[in-house]
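Undergrad: Supplied in structure tokens, the structure appears directly below.
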Amino acid sequence: MFSKKIFAKRLSFLITKNKLSKQAVANAINVSRPAVSQFANGENLPSVEKLIALADFFDVSLDYLVGRSDDPRRH
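Counting in our numbering, the sequence shown runs from 590 upward without gaps.
Shown next as structure tokens:
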């Protein structure tokens with residue numbers, strides 16, 4: 590099941606782990622920096638297109654990003 594809270598937590602973790610700014614993530618997925626902040630704070634959710642872009646950018650599975658799996662690897 591999709592968890593907004595887990596998504597926000599994992600996005601924040603990935604940004605920190607990769608030592609990226611929210612602006613760098615925003616540029617990579619073509620959204621504003623405030624949008625990335627809202628995603629990472631759990632205030633808003635990205636579109637499916639942007640979820641896929643985030644998973645691709647961080648090289649993790651969509652299931653991991655949205656809390657359906659604890660395994661970040663793509664299969």
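Where is the CB? At the ideal position from N, CA and C, for every residue including glycine.
With distances taken between CB atoms, is the gap from glycine 631 to lysine 606 smaller than 7 Å?
TA: Contact flag unset, no.
Undergrad: According to DSSP, is valine 625 helix, strand or coil?
TA: Valine 625 falls in the helix class under three-state DSSP.
Undergrad: Are the beta-carbon atoms belonging to isoleucine 618 and leucine 643 less than 7 Å from one another?
TA: Yes, these two residues count as a Cβ contact at 7 Å.
Undergrad: Among residues of its own chain, excluding the 5 on either side of isoleucine 595, which ones have a beta-carbon nearer than 6 Å to its beta-carbon?
TA: Only Gly656 meet the Cβ criterion.
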